[in-house]
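The sequence shown maps to residues 9 to 263 in this note's numbering. Quick reminder that beta carbons are idealized off the backbone N, C-alpha and C, glycines included.
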Amino acid sequence: MSSANELKLFKCLPIPPGNIDDIFELQAIRMAILHNIIIRSYNSILYYSGQVKPGTKEYNAFLAYCAIANMFVHHHHEHEEDLYFPFLESKLGTGKMSGNVSGHDNFRRPFAAFEDLLADLQSGKVQWDPAKFRETIYSFTEPLFEHLGEEIDTLRADVLREHFTKEDFVPFEKAMEKRVMESTSLPRDPPLLFINGDGVNGAWFPPMPPPVTWVVKNVLWHFNAPRWQFGSCDKFMKVKPEFAAYEPELEVAKA
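Next up, the structure:
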């Protein structure tokens, strides 16, 4: 575990090779993009925790940003456990994704401790202590980020092609899109994805119609603009210099 007084940021996961127009290759690529959004979010939280000052508007906006990042993790894992893993197990076999569910369980307790601390900070129940704040984050990032990396290997295209057809993915993709849309708040969620997104390898994500993207960035953005200053990127997914060293590399395709 990292020392609370020592700022340690984390490298994003490598981007798997492939073509996003291939439904089998899309699965691992998209998951890596999503997981890197989580890694960038907590990198930025760790970084800016050393700059905010309690009692300021920026401090309150920072805590609200942290809560949104936490909510994204919850939604992501709920979508997986409710829809994605059951779909995969329908052809891979019951229990094949149990290791991924265990990966979620491994960080739940320290993650909940961070959520409790954040709630206490927002209510004023406890005083701001950046060292304690970072220590609480480091307690869950190791099991969380280990899980994020391991999960990619369960979604490799060669394995999926052995058990699924392209047609199998059609109803799943529609169901997942519906689930995501129902749980998404446009003023809250897409901005988090943009300011922690991948403008180099994942400029297509999140997959929203251009008019909706325009409304989010030019209208809805301003509702919570103070929160979005704390991301790893700007609204155009251009990574900030202080986070550039942690950007992902491309996986080398196996011969």
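What is the rounded straight-line gap between the Cα of residue i and the Cα of residue j?
{"i": "Ser10", "j": "Ser57", "result": "With a pLDDT of only 46 at Ser10, under 50, the local geometry of the prediction cannot be trusted, and the value read off the model is given with reservation. For Ser10 and Ser57, the distance between alpha carbons rounds to 15 Å."}
{"i": "Ala211", "j": "Gly205", "result": "8 Å"}
{"i": "Gln135", "j": "Gly63", "result": "10 Å"}
{"i": "Lys246", "j": "Lys225", "result": "14 Å"}
{"i": "Phe202", "j": "Lys243", "result": "5 Å"}
{"i": "Leu163", "j": "Gln35", "result": "6 Å"}
{"i": "Leu15", "j": "Tyr55", "result": "7 Å"}
{"i": "Asp166", "j": "Ala139", "result": "44 Å"}
{"i": "Phe119", "j": "Gly26", "result": "33 Å"}
{"i": "Ala183", "j": "Leu152", "result": "26 Å"}
{"i": "Val208", "j": "Ile31", "result": "20 Å"}
{"i": "Ile145", "j": "Thr192", "result": "25 Å"}
{"i": "Lys264", "j": "Val227", "result": "The shown model of the chain, from 9 to 263, leaves out residue 264, and the question about it has no answer."}
{"i": "Glu150", "j": "Pro256", "result": "18 Å"}
{"i": "Val223", "j": "Pro214", "result": "14 Å"}
{"i": "Glu143", "j": "Glu123", "result": "13 Å"}
Are the Cβ atoms of residue i and residue j separated by less than 8 Å?
{"i": "Leu17", "j": "Cys74", "result": "no"}
{"i": "Leu168", "j": "Ile46", "result": "no"}
{"i": "Phe180", "j": "Phe251", "result": "no"}
{"i": "Ala69", "j": "Arg235", "result": "yes"}
{"i": "Ala77", "j": "Ile53", "result": "yes"}
{"i": "Tyr254", "j": "Asn51", "result": "yes"}
{"i": "Leu200", "j": "Gln130", "result": "no"}
{"i": "Asp161", "j": "Lys99", "result": "no"}
{"i": "Val188", "j": "His82", "result": "no"}
{"i": "Glu159", "j": "Met39", "result": "yes"}
Name, in chain order, the residues that DSSP records as bridge partners for residue i.
{"i": "Leu201", "result": "Looking at the DSSP assignment, Leu201 forms no beta bridge with any residue, so it has no partner."}
{"i": "Ile23", "result": "Leu258"}
{"i": "Cys241", "result": "Val247"}
For a test of your reading of the model: does the CB of residue i fall under 7 Å from any non-hydrogen atom of the ligand ADP? Yes or no.
{"i": "Lys248", "result": "This structure lacks the ligand ADP, and indeed carries no ligand of any kind."}
What distance in whole Å lies between the Cβ atoms of residue j and residue i, which are believed to be in contact at a cut-off of 8 Å?
{"i": "Phe24", "j": "Ile37", "result": "In the sequence under discussion, the amino acid at residue 24 is Pro, which differs from the Phe named in the question. About 5 Å separates the two Cβ atoms, so the contact holds."}
Where does residue i land, buried or exposed, given buried means 16+ other C-beta within 10 angstroms?
{"i": "Thr102", "result": "exposed"}
{"i": "Ser106", "result": "exposed"}
{"i": "Gly239", "result": "buried"}
{"i": "His230", "result": "exposed"}
{"i": "Arg48", "result": "buried"}
{"i": "His171", "result": "exposed"}
{"i": "Pro218", "result": "exposed"}
{"i": "Leu258", "result": "exposed"}
Against chain C, with Cβ distances strictly below 8 Å, would residue i count as a contact?
{"i": "Gly239", "result": "Looking for chain C here will not work: only one protein chain is present."}
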